[in-house]
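Numbering (our numbering), first residue to last: 2 to 768.
Notes to accompany the following structure.
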Amino acid sequence: MIGTWKRKPAIAAAMIFVLILATTGVFIRSIQIVRDDAGWVSRTNEVVGELNSVVAAVREMEAGALGHVITEDVDLLKTFQTAEDRARKTVDHLDRLVAEDPRQRAGVARLRPMLDEKIGALREIIDAMETESVEKARAILASGRSSRAMEQVVDEIDSMRSEERRLLNERRTEAATNYGIALAAALISGVIGSAVLLVSGRMINTEFEARIRSETACDEQRQQLAFTLASIGDAVICSDTSGNVTLLNRAAETLTGWASNDAVKRPVAEVFKIVDEATRAPIVNPALKALKENVAIGTSNHTILITKDGRDVAIEDGAAPIRALDGEMTGVVLVFRDVTQRRTIERLEEEQRTALIENEKRKDAFLATLAHELRNPLAPIANGLELISLQMHDPEALRRTRDVMARQVRHMIRLIDDLLDVSRINRGSLMLRTDPAEIGDVVRSAVDMSRPLIESARHQLSVGLSPQPLWVHGDPMRLAQVVTNLLNNAAKFTPPGGTIGLSTRQEDSTAVIRIRDTGIGIPPDDLKRVFDMFVQLDPANPRSQGGLGLGLNLAKHIIEKHGGTIAVTSEGKGRGTEFTIRLPLGPAPNPQQAESRGAAITPGQNGPSAGPRLTGGAALAASHTTSIASASPDGGSSADGPGGYRILLVDDMRAAAEIVARLLARMGNEVRVANDGASALAAFEEQQFDLVFSDIAMPDMSGYELAGKLREMPGRERPVLVALTGYGAESDSRRALDAGFDHHLVKPVGVENLKQALALVERRKRK
């Protein structure tokens, strides 16, 4: 139907065009005939006039020459010369006029010598008169040469005039014939043109009516399409082949922020401005890409739409060419949808999935750490039970063993209490025994509990207390637990010989406790995770020395239950860490209550100048290595098994090291104990050892590092290296062997385990 509609007007237009061309041709031809006729008449008249001018000039020339002969008048000689010149010029002009007529050009060619002959005859007469005599001139004139030349000229000119008139009559007859033909053609063209106009008018009228019907149908379809585009949920933008917007549906207006009237005719890249979701870099507009490549562009789901008012909208988008029935591209349609909600759901699902994976990892790490932390106190307890049977006749040794076992039992109780506290916090049942509590008392209690760990690491602790008492309404035991935990962390994560500062002060209505160390610091990215449950920021770091990752989480909950806050700051790795506790001040107890609680503090007693300073120094250095000689046969029973070896036992847990060292000594071995890697290296330089037991997690270096350094130490026979650790996974055993250990033992170790290690030395010595 569309093809027919296109062809019929084209046919009608072609017919009208042909008619116009034909009519125009007839009129042009008629005009040309009239013009040519007039031209030929004008030319003939001009040629005849020039022929007459030649005759007149010749006659004037003859009159001047003869008059001069007769009258001897010089002026008549000038007349001759002027006429001669005019005659020659007239013949030249005549030659140009008849250039297109071969016959007349031949006549002009014949006329020139005749004219020359006439001029020559007249000049002969004039020359004879001037050089000889009048009689001689008259005799030449009487000879008839001039007369004959004149007759030839006149005859030739008459012949040319006759030829010109004949040509004129012939051309007029031809023009009349052509004019008749032109008139007939014009009449015929008029008749045919009228018929063509009638037919074309009918065709155009028919097609016009069909076009109206088609446009009406198109309008209906356009309205239906507009309703459809307005109803669908996807946003749609159409553009022409120049990349300018031609249409926006309602959804596109909502998403882009552009009204349809404002967007139409604007570049599509201005209305549909997109960037990459991850990098925020501008990306190629899919509509422009579809225009350039003339192909459909697949859906992209990592795109951010920048709306007119600058908002970000996560979208999916795609584009495809719009083609006519003949396949020619007429524009592009761009389809996109808001996926913000879906992206949010996907992000939440990903976060939940990541959290589940992280929780699973934390659970596994927690179980491994819990096993390690339980094995550490269990080791001296289990070894102590074995040692008791060997020390029945040594009351002092029995007492020391019982003391070690009691301390480890208390340590296990603290671990279990921490786990129970976590459980109570999760259930919301952690109870506080609140009373007026003085911050100075809390700090002193915490310092007393942390003193052994601080001294063992040779740290310098500076304590500066507020000059006036700071009373809070809280649980003194729980608050001391928090401060103790922070001091222990500072001691563990500060290299030996470091500095720890503890201060209290009043800021407005708040009691502030600050604990700062010169330790390894915390990377900025890890600061927000410090207080998460079961989190150990760097469990592989030997300074962590175990732990369940509960202390700081418990501290945060305890402080918050007191209505306070706890915060951490660090300038980064190696720059130390500072914890700040803020607690709301409470009313001070009356003097009788304070005295009964032993809390009366006089001004300046616990101020900054009087704050306790705990230092380690050289006096404590010796405590990091201890020699235990083999037990005397008179000292009690000895354990059966190989003995007589020099053994170095490296473990930062003094109780566990002491018990194992005694067991080894009871087997007849010489045992030296080192509580850190540096002390172990120093002992190894002093003497040769047959066997080295080493813990893995130690404050200054890991057991893996120590094993590597011992193997590389020059001038020493390589000892048997045995890892002695609370980590008992298969991967821990592989890692120990890869680091250079010969054997891997999991705490608690029994006598049989120790015998296996000693057997390794015996086998090596036999080899």
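Where a beta carbon is used, it is the ideal one built from N, C-alpha and C, also for glycine.
1. By a C-beta neighbour count over all protein chains shown, 10 Å radius and 16 as the cutoff for buried, is residue 285 buried or exposed?
2. Where residue 578 and residue 499 are concerned, what is the direct C-alpha to C-alpha distance, given to the nearest angstrom?
3. Using alpha carbons as the reference points, say which of 561, 477, 730, 437 lies closest to residue 770.
4. Using only the alpha-carbon positions, how far apart do residue 616 and residue 764 sit?
5. Starting from residue 757, follow its DSSP beta bridges and name the residues at the other end.
6. For residue 779, which option in 42, 268, 125 has the closest C-alpha, if you only look at C-alpha atoms?
7. Would you list the one or two residues that DSSP bridges to residue 315?
8. If you reduce the DSSP assignment to three classes, tell me which class residue 734 lands in.
9. Using three-state DSSP, classify residue 568 as helix, strand or coil.
10. Identify, in the order they occur along the chain, each residue of the same chain with its Cβ nearer than 6 angstroms to the Cβ of residue 364, setting aside the five sequence neighbours on each side.
11. At a cut of 8 angstroms, does the stretch 262-269 reach the stretch 238-252 through at least three beta carbon pairs?
12. What does DSSP give as the partner residues of residue 330 in its beta bridges?
13. Helix, strand or coil for residue 295? Go by DSSP, reduced to three states.
14. Is residue 512 helix, strand or coil when you go by DSSP?
15. Quick one: using the 10 Å Cβ neighbour count with 16 as the cut-off for buried, is residue 714 buried or exposed?
16. Considering residue 84, what are the terminal residues of the alpha helix (DSSP H) in which it resides?
17. Do you know how far the Cα of residue 179 is from the Cα of residue 140?
18. To which residues of the same chain is residue 646 closer than 6 angstroms at the C-beta, ignoring the five residues directly before and after it?
19. Would residue 86 be called buried (16 or more neighbouring beta carbons within 10 Å of its own) or exposed?
20. Let me confirm a value: residue 303 is counted as buried when at least 16 other C-beta atoms fall within 10 Å, else exposed. Which label applies?
21. Give the range of the beta strand (DSSP E) segment to which residue 695 is assigned.
22. In the DSSP output, what is residue 472 paired with across the bridge?
23. Tell me the rounded alpha-carbon separation between residue 580 and residue 685.
24. Among 689, 356, 25, which residue has its Cα nearest to the Cα of residue 718?
25. Which value, in whole angstroms, describes the spacing of the CA atoms of residue 296 and residue 208?
26. According to DSSP, simplified to helix, strand and coil, what is residue 579?
27. Grab me the residues of residue 405's own chain with a C-beta within less than 8 angstroms of its C-beta, minus the 5 sequence neighbours each way, in chain order.
28. For residue 707, which option in 678, 732, 726, 731 has the closest C-alpha, if you only look at C-alpha atoms?
29. Quick check on DSSP: helix, strand or coil for residue 645?
30. Tell me which same chain residues have a C-beta within less than 6 angstroms of the C-beta of residue 127, skipping the five on either side of it?
31. Residue 745 by DSSP, collapsed to three states: which one?
32. Could you check the C-alpha separation between residue 262 and residue 242 for me, to the nearest Å?
33. Would you give the residue range spanned by the beta strand (DSSP E) that residue 671 belongs to?
34. Taking just the CA atoms, how far does residue 353 sit from residue 279?
35. Is residue 507 helix, strand or coil by DSSP?
36. Which one or two residues does DSSP pair with residue 194 in a beta bridge?
Per the coordinate set shown:
1. exposed
2. 12 angstroms
3. Here the chain covers residues 2 to 768 and nothing more, so residue 770 does not appear.
4. Note that residue 616 has pLDDT 39, beneath the 50 cutoff, so the model's placement of it is unreliable and no number is given.
5. Partner(s): none; residue 757 has no beta bridge.
6. Only positions 2 to 768 of the chain appear in the structure, and residue 779 is not among them; the question remains open.
7. 305
8. helix
9. strand
10. none
11. yes
12. 324
13. coil
14. strand
15. exposed
16. 75-98
17. 60 angstroms
18. 670, 691, 692, 762
19. exposed
20. exposed
21. 692-695
22. 439
23. 39 angstroms
24. 689
25. 36 angstroms
26. strand
27. 381, 385, 656, 659, 660
28. 678
29. coil
30. 66
31. strand
32. 19 angstroms
33. 671-675
34. 20 angstroms
35. strand
36. Residue 194 pairs with nothing; no bridge assigned.
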